[in-house]
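Participant: Below is one structure. I have some questions about it.
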Amino acid sequence: MMSYKNFLITIFFLASCSNEVSDNQQNLSELMQPNQNYFISQYECTLSQNNNLNDLEQYIPKLSQLLKNHSFEYQLDFYFSDSQDDEIKNFIINVKNKESIDQENLSLFINSENNIFQCLQKNNNLVATTLISKLDQQDDIFYLEILDCEFGSDSNFGTFKVASDYFYNLLNEYSISYKADFLNSDSSSRNFYWHNFFNSSIDRDNFYASWIDSEDSIEIKDLFSEQSECFSSNSYIGYKVF
Numbered sequence: 004m005m006s007y008k009n010f011l012i013t014i015f016f017l018a019s020c021s022n023e024v025s026d027n028q029q030n031l032s033e034l035m036q037p038n039q040n041y042f043i044s045q046y047e048c049t050l051s052q053n054n055n056l057n058d059l060e061q062y063i064p065k066l067s068q069l070l071k072n073h074s075f076e077y078q079l080d081f082y083f084s085d086s087q088d089d090e091i092k093n094f095i096i097n098v099k100n101k102e103s104i105d106q107e108n109l110s111l112f113i114n115s116e117n118n119i120f121q122c123l124q125k126n127n128n129l130v131a132t133t134l135i136s137k138l139d140q141q142d143d144i145f146y147l148e149i150l151d152c153e154f155g156s157d158s159n160f161g162t163f164k165v166a167s168d169y170f171y172n173l174l175n176e177y178s179i180s181y182k183a184d185f186l187n188s189d190s191s192s193r194n195f196y197w198h199n200f201f202n203s204s205i206d207r208d209n210f211y212a213s214w215i216d217s218e219d220s221i222e223i224k225d226l227f228s229e230q231s232e233c234f235s236s237n238s239y240i241g242y243k244v245f
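Just so you know, my numbering puts 222 at position 219 of the sequence shown, and the rest follows in order with no gaps.
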């Protein structure tokens, strides 16, 4: 089976339809902007020196109750790197909401209501758009990849959207459970995040087996990889906490 790293190199991707897009098509694509589905804020967190993963697991039910008591309105997920050993010290708190997230109150709550961990804000109110959805429902425990990318000089969200639609149409020929979100800070930013979601490691492995060695996969790679650059990619196991 192809390694996870090679998998990322093979298909993710993304930026422009091709250099052969006509001027009229290019001008039209410039007008296309992401349709905001929800907002995302993330915190990079570290367990305190005298605490471990067991302490965090025992604290999570208390945290859920605290969130309910404070009428917390946001969805809260914990992301743990699936490459860490048993001594897990670092994780990401992912906060999701349909409306803009109140950062001041949220940051105060996260860092003041516990002595198990401390967090620093990673990003604030990213605009998230689901571009590919082949999941009936996302489970409370899931697998994801986060890629930090940048558009090439000749690409933009318009051409990116055309490309992702084509990718989605190709995936319809395969029995694959998968979701992909596009996130950026604003419409003028050339930097973006690409999040890939799978409900299980089996779904992820099925993606490898069904897609990676196909001619369609090669076509997507050739079509998109030339005009985009991804600086980092990390895989996580996600847990919905609230």
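Even glycine gets a Cβ: it sits at the ideal position worked out from N, Cα and C.
Computed from a prediction, not measured in an experiment: that's the story for all the values here.
(1) Can you name the start and end residues of the alpha helix (DSSP H) that E218 belongs to?
(2) Would you report the Cα separation of N100 and F160, rounded to the nearest angstrom?
(3) What is the rounded straight-line gap between the Cα of N117 and the Cα of N54?
(4) Whose C-alpha, out of S84, I95, L109, I63, is nearest the C-alpha of H73?
(5) When DSSP labels each residue in this structure, what does E90 get in the three-state scheme?
(6) Can you list, in chain order, the residues of its chain whose CB lies under 8 angstroms from that of S51, leaving out five sequence neighbours each side?
(7) When the Cα of S86 is compared with those of E148, P64, F42, which residue comes out closest?
(8) Just to confirm, are Y146 and F234 a CB contact at a threshold of 7 angstroms?
(9) Quick check: what's the CA-CA separation for F42 versus S190?
(10) Give the single residue among D208, E222, T162, F227 whose Cα lies nearest to the Cα of P37.
(11) Just the Cα atoms here: how many angstroms apart are E60 and Q124?
(12) Between the C-alpha atoms of K164 and L66, what's the straight-line distance to the nearest angstrom?
(13) In this structure, does DSSP put L129 in helix, strand or coil?
(14) V98 and Y77 - do their beta-carbons sit closer together than 7 angstroms?
(15) D80: buried (16+ other C-beta within 10 angstroms of its C-beta) or exposed?
Facilitator: Per the coordinate set shown:
(1) Here residue 218 refers to the residue found at position 215 when the sequence shown is read from its first residue. 218 to 227 is the span of the alpha helix (DSSP H), which, as asked, contains E218.
(2) The residue labelled residue 100 in the question sits at position 97 within the sequence shown. The residue labelled residue 160 in the question sits at position 157 within the sequence shown. Each residue's Cα considered, the two are about 22 angstroms apart.
(3) The residue labelled residue 117 in the question sits at position 114 within the sequence shown. The residue labelled residue 54 in the question sits at position 51 within the sequence shown. The straight-line gap from Cα to Cα measures roughly 12 angstroms.
(4) For the purposes of this step, residue 73 is taken as residue 70 along the sequence shown, with counting starting at 1. Put simply, of S84, I95, L109, I63 the residue whose alpha carbon is nearest the alpha carbon of H73 is L109.
(5) Here residue 90 refers to the residue found at position 87 of the sequence shown. Correct three-state label for E90: coil.
(6) Position 48 of the sequence shown holds residue 51. Cβ neighbours of S51 beyond the five flanking positions: N118, I119, F120, Q121.
(7) Residue 86 sits at position 83 when you count from the first residue of the sequence shown. Per the Cα distances, E148.
(8) Here the question's residue 146 lines up with position 143 in the sequence shown. Here the question's residue 234 lines up with position 231 in the sequence shown. No, they are not a contact pair.
(9) Taking the first residue of the sequence shown as position 1, residue 42 is located at position 39. Taking the first residue of the sequence shown as position 1, residue 190 is located at position 187. Per the coordinates, the alpha-carbon of F42 lies some 14 angstroms from the alpha-carbon of S190.
(10) Locating residue 37 in the sequence shown gives position 34, where the first residue counts as 1. A check of alpha carbon separations from P37 across D208, E222, T162, F227 identifies T162 as the nearest.
(11) As a position in the sequence shown, residue 60 is number 57, starting the count at 1. As a position in the sequence shown, residue 124 is number 121, starting the count at 1. Put simply, the backbone Cα of E60 is about 22 angstroms away from that of Q124.
(12) Position 161 of the sequence shown holds residue 164. Position 63 of the sequence shown holds residue 66. Roughly 38 angstroms between the two C-alpha positions.
(13) Locating residue 129 in the sequence shown gives position 126, where the first residue counts as 1. In the structure shown, L129 sits in a strand (DSSP, three-state: E or B).
(14) Position 74 of the sequence shown, counting from 1, holds the residue named residue 77. Position 95 of the sequence shown, counting from 1, holds the residue named residue 98. Pairing Y77 with V98 gives a Cβ-Cβ distance under 7 angstroms.
(15) Here residue 80 corresponds to residue number 77 of the sequence shown, with the count starting at 1. Buried, since its Cβ has 16 or more Cβ neighbours within 10 Å.
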